[in-house]
Structures are given as structure tokens and as C-alpha cells.
Amino acid sequence: MLYPLPCVMVSCQKPGQRPNIITVAWTGTVCSDPAMVYISVRPERYSHEILCSTGEFVINLVSEKLTGSMDYCGVKSGRDVDKFAACHLTAIPSQTVKAPSIAESPVCIECAVEQMIKLGSHDMFLARVTGVTVDEDLLDEKGAFHLNRASLTSYSHGTYLSPGKILGTFGYSVRKRNNSKRRHK
Ligand SMILES: Cc1cc2nc3c(=O)[nH]c(=O)nc-3n(C[C@H](O)[C@H](O)[C@H](O)COP(=O)(O)O)c2cc1C
């Protein structure tokens, strides 16, 4: 019941085999320094074996445009279809891992597995972030990064959502209180 979540496209590949994509909602950041993330994957998924044998994957964030492909990669198995071809997506070399990135994704987070933890229905792959590539459109002329321009899709209780209205920014509750105090002096 912990929603909304990012739903991401995880790309992976065994040497000599075609690349694959699995949609994952059980994912998140678990440490800032070193940057660490996790994905939880059921052992019966085709991708599970690829993740175990290569120890590498790329988390590709999903923009509104990629939502249909993300859904497709979450209902079809790489055992039966070439998901890159079926979704007209481009597998491009990553910088730090052998798993490919998805060229059409606005942000690609390259990951090296440090631990696989068996939890029950899902196995958790705890991984170190080894590299990140971002779409140039997300950088302004000064090089500042604007992630919200990517219009990332989230997942809540079976439904895909696009970003809603802005309710505040980091620390705004404290700033607001300070301002109102000043106004009342
Ligand atoms: C929105 C969404 C989120 C999903 N999240 C997960 C997840 O966190 N872990 C998982 O094992 N499968 C998850 N799935 C299911 C897999 O993506 C799906 O079984 C996929 O076909 C597996 O692909 P593969 O057999 O090529 O590995 C999700 C599917 C969707 C549509």
C-alpha cells in the first residue's frame, strides 16, 4: 500500500544474448553516499537469471511518452519477445556496466549488484550506482539539472499517473512559517 511509486524499466543483458527490459515498481534509493538503490524481482522472471548471472542492470526512468512501452515490458516476457524491437526502443552501450541503457529514457542509472537478498515472493538486488546519464534537454544553459522537465510517470495501486500540481518545494513548510512570523511582527 506504499504508493505512489516510480515505475521503471530495468534493462539487462547476458553476453551474446539479446538485451531485455523488465518493468519494476519495487524499487528505490536506500543510501546517498555511496549511492545505493534496490530492485525486487520475482525468481520466476526471465530477467531474474540475467541479473543473477551478470550482477548488472540499468534503471531507466519512464517519461510520459514511454509509459506504453513500460506497461508492455511489464506484461510480456523476454522469453517470448524481443521487447526492444517490439517497443521500437534503442539499446545503447552504458558507460560503466555491460548492461545496455535505453536511449529513449531521460535518465539512465547504471547499477552493479552488491547483494542479492532472498525475501520470499521477491529477491532484492541491492546495488551500487556506478554511473548516471541524463538527457541534455534536462540541463539548462548553466548545466543545472531539471528532473521534473522529464514528466516522469508514477504508479499508484494499478494506475499510471503523470505529475500533478506543485504543492511545495523542499523545506517550504519552514520557510512559510518564518515568513508568516515576519509578517506578524
Ligand atoms: C507497473 C508494473 C510494475 C511491476 N513491478 C514488478 C516488480 O517490482 N518486480 C517484479 O518481479 N515484477 C514486476 N512486474 C512484472 C514484470 O515486469 C513482468 O512479469 C515482466 O513480464 C517480466 O519480464 P521478463 O520475464 O522478461 O523478465 C511489474 C509489472 C508492471 C506492469
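Residue numbers (the numbering used here): 130 to 314. Using N, Cα and C, we set each Cβ at its ideal position, and we do this for glycine too.
Out of the options, which has the shortest C-alpha to C-alpha gap to residue i?
i, options, result
"alanine 241", "Ser234, Glu233, Leu255 and Gly203", "Leu255"
"glycine 293", "Val236, Glu193 and Trp155", "Glu193"
"glycine 260", "Leu267, Glu270 and Gln224", "Gln224"
"serine 169", "Gln244, Leu276 and Asp211", "Gln244"
"aspartate 264", "Gly297, Val236 and Arg304", "Val236"
"isoleucine 238", "Gly197, Ala154 and Ala164", "Ala164"
"proline 172", "Leu290, Asp252, Val303 and Ser291", "Asp252"
Going straight from the alpha carbon of residue i to that of residue j, what length do you get?
i, j, result
"valine 139", "proline 229", "10 angstroms"
"proline 222", "tyrosine 301", "40 angstroms"
"isoleucine 295", "serine 285", "18 angstroms"
"lysine 247", "lysine 143", "22 angstroms"
"tyrosine 132", "glutamine 146", "35 angstroms"
"methionine 130", "glycine 249", "18 angstroms"
"serine 161", "histidine 177", "25 angstroms"
"isoleucine 150", "isoleucine 179", "11 angstroms"
"cysteine 181", "valine 137", "19 angstroms"
"alanine 215", "threonine 288", "23 angstroms"
"glycine 272", "arginine 257", "25 angstroms"
"leucine 290", "serine 283", "5 angstroms"
"asparagine 189", "serine 234", "6 angstroms"
"threonine 219", "aspartate 211", "12 angstroms"
"serine 198", "glutamate 270", "31 angstroms"
"alanine 232", "tyrosine 167", "22 angstroms"
"phenylalanine 274", "threonine 262", "11 angstroms"
"arginine 304", "asparagine 277", "22 angstroms"
"leucine 195", "phenylalanine 299", "27 angstroms"
Looking at residue j and residue i, is the spacing between their C-beta atoms short of 9 angstroms?
i, j, result
"threonine 152", "aspartate 200", "yes"
"cysteine 141", "proline 148", "yes"
"tyrosine 175", "glycine 203", "no"
"leucine 281", "valine 191", "yes"
"alanine 279", "leucine 267", "yes"
How is residue i classed by DSSP in three states: helix, strand or coil?
i, result
"threonine 262", "strand"
"glycine 157", "strand"
"isoleucine 246", "strand"
"leucine 134", "strand"
"serine 280", "coil"
"leucine 255", "strand"
"phenylalanine 299", "coil"
"glutamate 173", "coil"
"glutamate 270", "coil"
Counting pairs of beta carbons, one from the region 185–192 and one from the region 217–234, are three or more of them closer than 8 angstroms?
In this structure the region 185–192 touches the region 217–234; the number of beta carbon pairs closer than 8 angstroms is three or more.
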